[in-house]
Each structure stands twice: as structure tokens, then as C-alpha cells.
Amino acid sequence: MRCGLLLVALLGLTWGNRLAAQEAPRKPQGLGQLVVIDPQSGSPVRLNLARYHVNIVLQPPVALVQIDQSFFNPFATQQEGTFVFNLPAGASVSRFAMYTTPTQLIEGELLERKNASSIYQSIVTRRRDPAILEQIGGNLFKMRVFPIFARDTKRILLDFTLPIAEQEGGFYTFELPLMSDLEPVWDFAVQGTIRGPNVAGTARCDSHDDVKFVDAGDDSLKFRFAAQKYRPESAFSLKFQQRQSDAVVIRSYTPAPIGGGVPAVVQPDKIKTPPATQFLATVSPAALEPIARAAAAKSAPADVLILADTSGGTTAHGRLRQGIRAICGDLRDEDRFALGCVDVDFRPLTRGWVAPRSQAADQALADFNREVFLGATDLVQSFKSALKSLPPAEPGRRRLIVYVGDGELAVKGPSMLFVQQAIADGLLQAGVRFSVVLHRGGQTAGAALEKPIAATGGRLLQIDAGGSFAELSEWVRAG
């Protein structure tokens, strides 16, 4: 029997069924979710992933992400499921397909919204293999998948494109959400290519230390990360720099008409509007450099003391380390940093100021990775010791302290006001600007550190679990 697959992109829908109410995870899931109904309990359950392979092609200003994933159905009965996934902001689905047998791949077809549900039901009745893709709202999508064979895997392919914006100096940041609270994936891999012209030695992965970069010729780079029984706890983050050019590049794209690629036809009684042609113009900052030099003055060099919260109550250690690496790696060449831990007191991990991307910087980050998280957070004592450790101020250089942690303190009531005032007074006397990077959104954090931030003219950046570090990187690179 011939199999068919349906793919529908629907805008502005709401999802009020029991699946959304009962199965919405507390943290945004980066991996796809295939939800079925448990035959015994009648409750929705998520199938675990047996295989998750991602191929990424980075060719600024666009990234192509290709996901090949296989879910395992442990039940003794055939299932119908709903595949749910979160796209990164600005992403657009370019392909959806699924395997109906180990060798037969069925591609998706774009349908009108009003026809999707009825066509799906008719195909399920005839026992074919449909899948419906719906955009529920924002960047959340769901697809209806049938059949999911008993005690077997269901393999689904999903491609999407994502714009990647150029930052100051030709730098780019790409992040792929991977957060998962399911069982570890047995076969996990992320690989790809950064197409040139890349600046040698600038590509790095702050989220996964084991990523290797290999020269692929033509200034392009290959990269790969692979693991077995792996549960990702953060996004996959890549940073790289490309040589700037004064060239202006214009690209155009005309999508095929919905329903088979037949050109639009003009008839006397009916006019069909042809698909709109889209244009993309890319202007490198190098072409605007004379204007930029006249419009903005460069910030003075900065000396940054980074305080990492290593108290016993701190969670998401991987996210904390990722944030520390992002700050140290994104500092400008003229900036310097010192790194220390805060819990019951301040413990320095560097001697004096350290240049970014130096051997001393690598050693400091390696030492931090070996730190043990113990004790409570005594910020008053920690800040006193941290301020004492600062070398004398140097003319023409700014001094900053950046706290990175969850911001949760063990004090409440009047003592909280004392903590706020004591920290603010010490920072003002030392002439240091204070900023905070929260790697999770604790309610206590704002109350504990808001006054020192406001008193010194600092900034609060809050990064939710599984969220992007792009805003942090942009802030650091701007000085």
C-alpha cells in the first residue's frame, strides 16, 4: 500500500488539550518530544530517545540545522503520537520527514490549514503514515505521527534554518537548544561545518569542552561532539570570527507555490497571486567602518574581577561554568580579568590580572572546573576579601566586578538590608562598578543584589535554564 505524509504549517493556534496541561515540562526542552498515551494508565508519556544526530552548516548570515532522531516505543502495542519541539527564535522549518520502515522515507507536503485535520483523520482510517505539523504559537510546533510500531523506534527528520547576526569585529555566536530531562540518549552526536572565510584560531565551543575543530580547506572548519548515554543539560554554543569584507551581497529566493510547484495562472475570472520573492542584502561592518569610527568612541580598557558562586546550594554547575567561560573568552584584547570563588569567603584562582585567551586564562578555567561546591554564601565577607584582593587602580582603566551565580542568599528580613548596604558601600569606596549574571531566575536574587547594582550603575543579566548566552557575549565584547 502506498504511504503518504502530510505536513502543515499553521499560524496562531492555541493548544488547550490535556497534553499541554499535563506534559509541559518546567524547563524548555531543546530535544524533540514524542508523546503517546500509556495503554495502562491512559496518561500521556514521553518516549525516550535512542538516537539523536545533528548536522549544522554555518554560513553567515544563515545556519542550517538538520536533526535525525529516533524514539523508542517500549509498549507492546502500536501507538499514535504527537511530536513536539521548540524552535530557536527566528527559525523556520524547511523540511519534515519520517521513516515508515527502516528503508522507506516519506517527505512532508505543505497543506492548507483548513484541510489538515480532516485529511489526517482520513489517512489514519486507511492505516497510512501521516504526520501533521502545526505551529502552536511563538516557536512551538507539534506534529501528529502514526504509526509508532510496538517495541520499535520511530525515526523523524527535521530541518530548519536560522539567521545568525554578525557582532562587533566579525564575530558570530550560534546556539542550539539541547536541554532534556528524559533518560540519557544512547547515541548522541552534533557535527557540522563552519564555512569560511574564518579567522584561524577563533572558533571555540564554550558549552562542550570535547568539541574538536579540524581544518576543512578554503578557510572552513569541521567540528564534532559525540557521546553515548548522554543527557544534555545546556545549549550547544559555538563562537567564531570571520574576515570582514567591504562587499555587499544580495541573495533572492522564490518559494514554490503550495501544492506542487505549478506556476500561478492568471484567468479572466480569477487571479492567483504568485509566491513573493524574498531578498536578503548582507552589508559587512567593514563597509561601514568609517561611519562607525566617527559615530562612536571606544570604551576604555576594563579590569574585571569575576566572582563565581560555589556555595553548596548552587545548582546547574554546568551552566555556571559555561557562563564563566563565555565572559573570559569574550573579553576584548585590551581587557583583563581575575577569577575567584565565593561561598563562605573569597578564594582567588588567579594572581593579578590575566589576559584573555592566554595560557594563564586557560589555567584559571581549568582550576575552576576542579572546584568543589560547599558551604553557604556569605557575600559580605566574600566581597570584603574580594575588594582587598584588587590591585591598585591604574589610570585610563575601568574596574568592574561581575558576580555569576543563582543569587540566592541565606539571609532574610532586616539583615538583608544590611547585606545590601554593606556591599554597596564597599563597592562605591573602591570605585568599582558591580554587575550580576544570574544563571537561573531566583526571586531572592533581585532583592539581594539590586541595590549594589543600582548604586554603582551596573547591569543585571538573567539567563534561564537552557537559555542563550548571546546577550552576555554581546555585552562583554562591547566592553
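One rule links them: number in this note's numbering = place in the sequence shown (from 1) + 536. Note that beta-carbon positions come from the ideal geometry of N, C-alpha and C, so glycine has one too.
Please tell me whether residue i and residue j are closer than 8 Å, where the distance is taken between their beta carbons.
i       : j       : result
Leu-714 : Phe-772 : yes
Gly-568 : Leu-694 : yes
Val-940 : Gly-859 : yes
Leu-997 : Val-973 : yes
Val-571 : Thr-618 : yes
Leu-867 : Phe-904 : no
Pro-624 : Glu-702 : no
Ala-960 : Pro-988 : yes
Leu-915 : Val-878 : yes
Gly-993 : Arg-969 : yes
Arg-933 : Asp-869 : no
Arg-731 : Gln-595 : yes
Assuming the contact rule is C-beta atoms closer than 8 Å, residue i and residue j should be a hit. Round their C-beta distance to whole Å, please.
i       : j        : result
Glu-711 : Ala-1006 : 6 Å
Asp-723 : Gln-778  : Rounded, the Cβ-Cβ distance is 32 Å, inconsistent with contact.
Glu-616 : Phe-682  : 4 Å
Lys-748 : Arg-760  : 6 Å
Tyr-588 : Val-721  : 5 Å
Given a threshold of 16 other Cβ atoms within 10 Å of its Cβ, counted over all protein chains shown, does residue i qualify as buried or as exposed?
i       : result
Arg-906 : exposed
Ala-599 : buried
Pro-610 : exposed
Gln-558 : In this prediction, Gln-558 has a pLDDT of 43, which is less than 50 and means its spatial position is unreliable; nothing more can be read from the coordinates.
Thr-851 : exposed
Leu-963 : buried
Val-801 : Its pLDDT being 35, under 50, Val-801 is placed unreliably by the model, and nothing is read from it.
Lys-690 : buried
Thr-613 : exposed
Asp-871 : buried
Leu-647 : Bear in mind that a pLDDT of 48 at Leu-647, under 50, signals an unreliable position, so the number given afterwards is only what the model happens to contain. So Leu-647 ends up on the buried side.
Ser-628 : exposed
Val-590 : buried
Gln-803 : Confidence is the limiting factor: at Gln-803 the pLDDT is only 36, short of 50, which leaves the residue's position unreliable, though a coordinate-based value still follows. Per the 10 Å Cβ criterion, exposed.
Thr-550 : Reliability of the predicted coordinates at Thr-550 is poor, the pLDDT of 31 falling under 50, and no value is obtained from them.
Thr-886 : buried
Lys-924 : exposed
Gln-899 : exposed
Ala-897 : buried
Ser-716 : buried
Leu-585 : buried
Pro-638 : exposed
Pro-892 : buried
Gln-605 : buried
Val-908 : exposed
Out of the options, which one is the CA nearest neighbour of residue i?
i       : options                               : result
Tyr-708 : Ala-874, Asn-734, Thr-636 and Tyr-939 : Asn-734
Leu-774 : Gly-728, Ala-762 and Asp-754          : Gly-728
Arg-631 : Ala-960, Leu-843 and Ile-642          : Ile-642
Val-890 : Ala-725, Gly-865 and Ile-999          : Gly-865
Ala-929 : Leu-841, Phe-696, Asp-751 and Gly-993 : Leu-841
Ile-684 : Ile-863, Ala-862 and Arg-582          : Arg-582
Gly-911 : Asp-755, Gly-848 and Val-629          : Gly-848
Asp-845 : His-975, Val-590 and Tyr-766          : His-975
Gly-566 : Pro-575, Phe-621 and Pro-580          : Phe-621
Gln-780 : Ser-716, Glu-704, Val-916 and Asp-754 : Glu-704
Ala-922 : Ala-966, Phe-909 and Pro-892          : Ala-966
Arg-857 : Gln-895, Ser-743, Gln-917 and Val-750 : Ser-743
Phe-677 : Phe-696, Asp-688 and Ala-686          : Phe-696
Met-634 : Thr-913, Asp-755 and Met-679          : Met-679
Phe-607 : Gln-576, Ile-592, Tyr-766 and Arg-687 : Arg-687
Val-726 : Asp-754, Gly-737 and Lys-758          : Lys-758
Asp-746 : Arg-855, Ala-762, Ala-836 and Arg-767 : Ala-762
Between which two residues does the alpha helix (DSSP H) holding residue i run?
i       : result
Ala-897 : 895–905
Leu-910 : Looking at the DSSP string, Leu-910 is not in any alpha helix (DSSP H), and its letter there is neither H nor E.
Ile-863 : 853–866
Leu-915 : 915–925
Where do the ends of the beta strand (DSSP E) carrying residue i lie?
i        : result
Ile-700  : That residue, Ile-700, is in no beta strand (DSSP E); it is neither H nor E in DSSP.
Glu-1010 : No beta strand (DSSP E) contains Glu-1010, which is instead part of the alpha helix (DSSP H) from 1006–1013.
Ala-752  : 748–753
Cys-741  : Careful: Cys-741 lies outside any beta strand (DSSP E) and carries neither H nor E.
Gln-640  : Here Gln-640 belongs to no beta strand (DSSP E), and DSSP marks it neither H nor E.
Thr-729  : 721–730
Ala-599  : 598–609
Pro-884  : 882–884
Asn-584  : No beta strand (DSSP E) contains Asn-584, which DSSP labels as neither H nor E.
Asp-845  : 838–845
Ile-778  : The displayed chain sequence assigns Gln, not Ile, to residue 778. Element bounds for Gln-778: n/a, residue is neither H nor E.
Gln-565  : No beta strand (DSSP E) holds Gln-565; DSSP gives it neither H nor E.
Ser-756  : 756–766
Ile-937  : 934–941
Gln-615  : 615–622
Met-715  : Met-715 -> no beta strand (DSSP E), and no H or E assigned at all.
Ser-872  : According to the sequence displayed, residue 872 carries Arg and not Ser. It spans 872–878 - the beta strand (DSSP E) in which Arg-872 sits, taken as one unbroken run.
Using a Cβ cut-off of 8 Å (strictly closer), state whether residue i contacts chain B.
i       : result
Ala-763 : Absent from the structure: chain B. Only one protein chain is present.
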